[in-house]
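Asker: Just add 2 to the spot in the sequence shown (first one is 1) and you have our numbering.
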Amino acid sequence: LVAAYAESGRPWPPRASTRTTPPPPAAAQQAEHLEHICSWHAGCCNPFFVAPLPERRALVADYGHGTIAVVCLLSGSILHVISLPPHTEPCGSSALRRPLGVARSAASLYVVDGAAACVLQLDLE
């Protein structure tokens, strides 16, 4: 690190930053900002990441099953399961095996596959 800082012209050791934001609230204050939305006991194995959808639904990256689930946040029921066939370049020949994260735009769903080390783009239209 010393060599990297010297090469970049920055001083070593780095200066401590001056806090410009207030400290986080105490645990008791944080608890009032949390809300338990739903639970599900079957259908997902190692849910890893959630992205919100309209109409109180969410996309859940199911790491254990290698799928993406659409979950109703009111009941906790799984409305739909998205699985992908084996994909080709640039991700290799593996199917969606270990979804680590999901994001959504107006026309696409992006899935990070940890097993294939890639990002998949799915057309929602």
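Note that the Cβ used here is the ideal one computed from N, Cα and C, for glycine as well.
From the DSSP output, which residues share a beta bridge with His67?
Answerer: Looking at the DSSP assignment, His67 forms no beta bridge with any residue, so it has no partner.
Asker: Can you give me the C-alpha to C-alpha distance between Ala6 and Arg59, rounded to a whole angstrom?
Answerer: Ala6 and Arg59: Cα-Cα distance of roughly 46 Å.
Asker: With distances taken Cα to Cα, identify the nearest neighbour of Gly78 among Leu124, Leu126, Cys46.
Answerer: With distances taken between Cα atoms, Gly78 lies closest to Cys46.
Asker: What three-state label does DSSP hand Ser10 in the structure shown?
Answerer: Correct three-state label for Ser10: helix.
Asker: Could you tell me the distance, in whole angstroms, from the CA atom of Pro15 to the CA atom of Gly68?
Answerer: When rounded, the distance between both Cα atoms is 44 Å.
Asker: On the premise that Leu124 lies in contact with Ser110, defined as a C-beta separation below 8 Å, what is that separation, rounded to the nearest angstrom?
Answerer: Between Leu124 and Ser110 the Cβ distance is about 6 Å, and since that is below 8 Å, they are a contact.
Asker: Pick helix, strand or coil for Ala5, following the three-state DSSP scheme.
Answerer: Reduced to three states, the DSSP call for Ala5 is helix.
Asker: Between Val83 and Leu98, how many whole angstroms is the CB-CB distance? I'm expecting something under 8 Å.
Answerer: About 11 Å; that fails the 8 Å criterion.
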